[in-house]
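Inspection log for the structure reproduced underneath, given as structure tokens.
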Amino acid sequence: MDSDTSQLRHLQIHYSAPATQWSETLPIGNGRLGAVVYGRTDVELMQLNENSVWYGGPQERTPADANRMLPKLRQLVREEKHSEAEALVKESFFATPASMRHYEPMGTATLEFNHKHVADYRRCLDLATSQVSVQYTVDGNSFQRDIIASHPDNALILRFTASKSTRFIVRLDRLSDNETDTNVYADTITASGSHIVVHATPGGFNSNRLCCVLGIVCDDGGTIEAIGNCLVINSASCRIGIAAQTTFRHANPEVIAMTQIDQALTRPRNDYKGLPATLQGIWNPSFAPAWGSKYTININMQMNYWPAAPCSLIDDCSVPVVDLLERMSVRGRQTAKVMYGCRGWCAHHNTDIWADTSPQDRWMPATIWPLGGLWLSTTMMDTLKYQYDKALHDRLFNVHEGAVQFVLDFMIPSKCGSYLVTNPSLSPENTFVSKSGNEGIFCEGSTMDMTLIKVALTQFIWSLERLSNVNHPLKGPVETALTKIQPLALNQAGLIQEWGLNDYEEAEPGHRHVSHLFGLYPADLIHPVQSPELAAAAQKVLKRRLANGGGHTGWSRAWLLNFYARLLDAEAYSSPFSD
């Protein structure tokens, strides 16, 4: 084996048995369409996704009384009347309905071979070619399936080959991930000629209508017969294509999907309105996924895109996020005005396909945090440091300008009068123990808030200089605000304080979020050489978190690795994760 071949084999993941559950499947995707492949030999199962298949249409959920009650809430927070503040939030600041829309599966495709006793089984994901392959033999006859998600064709393509002609049945359905559930979540399923067409209307008012089309071409003169709502194939070599569209992009999705299947091998690349990766990327088997498989913007979506610019993927990855930000900035103006009496725009800790910016859920430590949009905007602004694009900068500046306008209006003078602070403020998803011994959530000017705002305002000034817009009316207010951002504070134990100027204890010392180290990563305000005292304090925070069970989720571990990289501590990897 030559060195090139050996190197490519290191990019392959091999299994000697089919997947028994969703987490063991092999995924493919092209950014819009996705599938996970079980690799079964009796009834192959592929669970399918299309990124605009969401439950329901746009909602108006903005809490109408929030702005009227905001002064009272701020006073309660300032007076550290935590339980009263939380009671007021429950009454006046939660949205109705409480939840945004959620992401749903597109459907399932099955291939019924009924091969029970097989030999030489091999299931593989080739990361170099983005292809899933399934190979095995039955009574000396070989069978192989290769599946890709073609971006130019906007289709999933499966190539089936066998050493002899084989009869098998192909079905396209919209079923629950619970295989014992016989409910079909579709309006119609029809088979005709060499196609199966599924029409569905995901639940909820005014939702996107879905059309999914499966087509088959036999390359060896084999036969295709439509029986009921399935296709019966007799062939040793055929290609199966799956395309899908919704009314999110096209008024008549069936026409587009059918054309994509019929031209899958020849048509040129097209551009489509993209959507970012959800909490689960593009792959979701459930009609009730964890956290709705939405866009969680109090770290998760930002983290999904942290590698894009350093890995030179920003051209491919940035456009869907900027598209979503632009739509959020429109809806977020209503949220900013109605809830907080502010100009500009804001979003809370989640958004969805409809760019919803109102509070999500009724979980106090996360729900009332109106800086999610600002964090997403700063994340995309940061990509310009790696690969500058004037057109992209112009688009991002229009978004960032509104987010900056919001925080300028939202901040108020601190209790001591020396700083500008956010109020209400929190440290995402965390709680503290106050001096009275009671647990609390809200404070003035959490470290996360004020560090994020400092980064955002600094990016705004940089943008004015880079775009030759030095006479912008917000330049003066932003420069003034930057002089009034509270510095990072250390508590008596020498740790960076999480709740701004308040030296509160964490209710959960091993919490998965480490938001008060935002200045260490993804920002670059803490450095072991340039600010050694802060770096040492950050190191103590990490040591305390890990000693109390921190880093227990995959994404939290990834964040910890980035923290240690910024601290130039390459050996830290072996201790927190040695188990």
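For the sequence shown, my numbering begins at 83 and goes up steadily by one. All C-beta atoms in this analysis are idealised placements derived from N, C-alpha and C, irrespective of residue type, glycine included.
Query: How many Å lie between T107 and A647 at the Cα?; Result: 32 angstroms
Query: Could you tell me which of H92, V135, L556 and R122 sits nearest to R331, measuring between CA atoms?; Result: V135
Query: Under 8 angstroms Cβ to Cβ from K376, same chain only, skipping five residues before and after it: list those, please.; Result: M182, R183, H184, Y185, T360, L361, N432, T433, D434 and Q442
Query: At what residues does the beta strand (DSSP E) containing Y203 begin and finish?; Result: A201 to D208
Query: What did DSSP end up calling Q345 once you bin it into helix, strand or coil?; Result: coil
Query: Would G522 and T529 be called neighbours here (beta carbons separated by less than 8 angstroms)?; Result: no
Query: Report the start-end ranges of each alpha helix (DSSP H) in the region 144 to 230 that is 4 residues or longer and not cut off at the edges.; Result: 148 to 160 and 164 to 174
Query: Tell me which residues share the same chain as I364 and place their Cβ nearer than 6 angstroms to its Cβ, disregarding the 5 neighbours each side in the sequence.; Result: G111, G116, N131 and N133
Query: Quick check on I309: does DSSP put it in helix, strand or coil?; Result: strand
Query: Locate the alpha helix (DSSP H) running through G414, then write down its first and last residues.; Result: I396 to Y422
Query: With respect to the alpha helix (DSSP H) encompassing R627, which residues constitute its N-terminal and C-terminal limits?; Result: P614 to A629
Query: Mind checking whether S550 and G527 have CB atoms under 8 angstroms apart?; Result: no
Query: Could you tell me which residues DSSP puts in a beta bridge with M462?; Result: Answer is none; M462 lacks a bridge partner.
Query: With three or more C-beta pairs closer than 8 angstroms as the rule, is the region 144 to 161 touching the region 413 to 431?; Result: yes
Query: Does the region 236 to 248 come close enough to the region 160 to 167 that 3 or more CB-CB pairs lie under 8 angstroms?; Result: no
Query: Where DSSP assigns a beta bridge to A326, which residues make up the other side?; Result: C294
Query: Reducing DSSP to helix, strand and coil, say where H96 ends up.; Result: strand
Query: Please name the residue, chosen from G310, R548, V280 and P187, that lies closest to P371 on a Cα-to-Cα basis.; Result: P187
Query: Would you say W104 and P367 are within 8 angstroms of each other, going by their C-beta atoms?; Result: yes
Query: So T272 is in the beta strand (DSSP E); what residue range does that whole segment cover?; Result: T270 to S274
Query: Please report the straight-line C-alpha distance between G576 and P358, rounded to a whole angstrom.; Result: 39 angstroms
Query: Who pairs with E547 in a beta bridge, going by DSSP?; Result: For E547, which the question treats as bridged, DSSP gives no partner whatsoever.
Query: For W641, which residues in the same chain have their Cβ closer than 8 angstroms to its Cβ, ignoring the five residues on either side in sequence?; Result: I381, M385, V596 and Y603
Query: I'd like the span of the alpha helix (DSSP H) that includes G636, first residue to last.; Result: G636 to R648
Query: Within its chain, find whatever has a CB closer than 6 angstroms to the CB of C206; leave out the 5 residues flanking it on each side and keep chain order.; Result: Q94, H96 and S215
Query: Taking F242 as part of the beta strand (DSSP E), name the residues at either end of that continuous run.; Result: A237 to D255
Query: Would you call the region 307 to 323 in contact with the region 241 to 250, where contact means no fewer than 3 C-beta pairs closer than 8 angstroms?; Result: yes
Query: Just tell me which of V611, L556, D397 and Y267 has its CA closest to the CA of G44.; Result: This structure gives no information on residue 44, because the portion of the chain shown stretches from 83 to 661.
Query: Give me the DSSP bridge partner(s) of Q129.; Result: V118 and T190
Query: Rounded to whole angstroms, what is the Cα-Cα separation between N584 and G121?; Result: 55 angstroms
Query: Between the alpha carbons of F488 and F600, how many angstroms are there, rounded?; Result: 20 angstroms
Query: Name the two residues that bound the continuous alpha helix (DSSP H) containing G111.; Result: Unbroken run through G111 is the beta strand (DSSP E), L108 to G111; no alpha helix (DSSP H).
Query: Please return the same chain residues whose Cβ sits closer than 6 angstroms to the Cβ of E168, not counting the five positions on each side in sequence.; Result: M446
Query: Could you check if L650 is buried or exposed, using at least 16 other CB atoms within 10 Å of its CB as the buried criterion?; Result: exposed
Query: Mapping DSSP to helix, strand and coil, what is Y387?; Result: helix
Query: Out of Y468, H482, V337 and P153, which one is the CA nearest neighbour of P392?; Result: Y468
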